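Those letters in the sequence shown? Residues 1 to 219, per full-length UniProt numbering, in order. Backbone N, C-alpha and C fix where the C-beta goes; we use that ideal spot for every residue, glycine too. Since we're looking at a predicted model, the values are computed, not measured.
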Amino acid sequence: MLEKGWNPRLPADTLRKDLIYINAKASSFKLILAKVKHHAKQSMNDAFEYSKKKWDKSHKVPDFKVGDLVLVSTLKFNNIQGPKKLKDSYVGPFVIVALHGTNAAQVELSDELENKHPTFQVSLIKPYQSTDKELFPLRNPTPLTIPPAEQDEDKKIKKGDLVVKLKENIHSDIEIQYMKMNGWKNQKYLTQINSEEDLDIKESHKPEYAYKRAFNYLI
Numbered sequence: 001m002l003e004k005g006w007n008p009r010l011p012a013d014t015l016r017k018d019l020i021y022i023n024a025k026a027s028s029f030k031l032i033l034a035k036v037k038h039h040a041k042q043s044m045n046d047a048f049e050y051s052k053k054k055w056d057k058s059h060k061v062p063d064f065k066v067g068d069l070v071l072v073s074t075l076k077f078n079n080i081q082g083p084k085k086l087k088d089s090y091v092g093p094f095v096i097v098a099l100h101g102t103n104a105a106q107v108e109l110s111d112e113l114e115n116k117h118p119t120f121q122v123s124l125i126k127p128y129q130s131t132d133k134e135l136f137p138l139r140n141p142t143p144l145t146i147p148p149a150e151q152d153e154d155k156k157i158k159k160g161d162l163v164v165k166l167k168e169n170i171h172s173d174i175e176i177q178y179m180k181m182n183g184w185k186n187q188k189y190l191t192q193i194n195s196e197e198d199l200d201i202k203e204s205h206k207p208e209y210a211y212k213r214a215f216n217y218l219i
C-alpha cells in the first residue's frame with residue numbers, strides 16, 4: 001500500500017480457510033505475511049504517535065483575541081517599497097478584527113498594505129510588544145495610527161457612486177462586471193455588486209480590493 005498506492009492481491013488472500021488440506025509451505029507463507037502486515041501496521045501507528053508527541057511538545061495554541069495588536073510577517077509581501085533585503089521582517093501593529101477558528105486571524109490593514117488580503121495564518125503574526133521606557137529611556141517611539149475596527153454608516157458605498165468600467169461576458173448568461181468609485185481614477189476595481197443587499201456589506205474603506213465574481217444580475 002505504501003509503495004504502490006493500492007493494495008496488491010497477495011497469495012494469502014486467495015487461500016481458502018475451508019480447505020481440508022493446505023500445503024505446508026503455503027501455510028507458513030501465510031503466517032509470515034500476517035506477521036509482516038501486523039508489524040507494518042504497528043510501525044505506522046508508532047510513527048504517528050511519535051510525530052504527534054513532537055508536534056504537541058513544540059506547538060502552542062495561539063491565544064489571540066479580537067482587539068489585540070499584532071505584527072504581520074512580510075515573508076509573502078511583494079508590494080512593499082524598497083529593497084527586499086532591507087525590508088522589515090514584520091510590519092504593524094495592526095488590530096485583530098475577527099478570528100477564523102484557531103488558525104487564522106483577520107486584521108485591519110492600512111497604508112500600502114491595503115491591497116493584501118486581511119486574513120493571515122497565526123504562524124504569520126505575532127503579538128505586538130510596546131517599547132519599555134524604563135529599559136530604553138532614549139528611544140522615541142513613533143506614534144501609532146490604528147484604523148478603526150468598525151466603519152461608520154456614512155462611509156459605505158452608495159449605488160450612485162459606483163461606475164461600471166468594464167463588462168466581460170464569460171458565458172451566454174453570465175457576466176463579470178468591474179466597478180470602481182466615481183472620481184477615483186487611480187484606484188483598482190471594487191467588488192462587483194450582485195443586488196441591493198450587497199450594498200450594505202461592501203464598504204468603501206477597502207477600495208483597493210479587486211474581487212471577481214460571476215453572476216446573472218445586470219446593473
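Going by DSSP, V66 is part of no beta strand (DSSP E) at all; its letter is neither H nor E.
In the pairwise beta carbon analysis, the region 49-60 is classified as not touching the region 91-111: fewer than three pairs are separated by under 8 Å. For Y90 and L75, the gap between their C-alpha atoms comes out near 8 Å.
Per the coordinates, the alpha-carbon of T119 lies some 24 Å from the alpha-carbon of S58.
Under DSSP, the beta-bridge partners assigned to K126 are L71. Taking 9 Å as the cut-off, the beta carbon of V61 is found no closer than this to the beta carbon of I96. Classified as buried, V72 has 16 or more neighbouring CB atoms from the shown chains inside 10 Å of its CB. Under the criterion of beta carbons closer than 8 Å, L113 and V66 do not qualify as touching, at roughly 20 Å. Note that the C-beta distance between F77 and K85 is not below 9 Å. If you check the CB distance, Y128 and P83 do not come in under 9 Å.
L99 sits in a strand when the DSSP states are folded into three classes. Residue pairing from DSSP places A105 in a beta bridge opposite L99 and F120. F77 carries a coil assignment under DSSP once its states are collapsed to helix, strand and coil.
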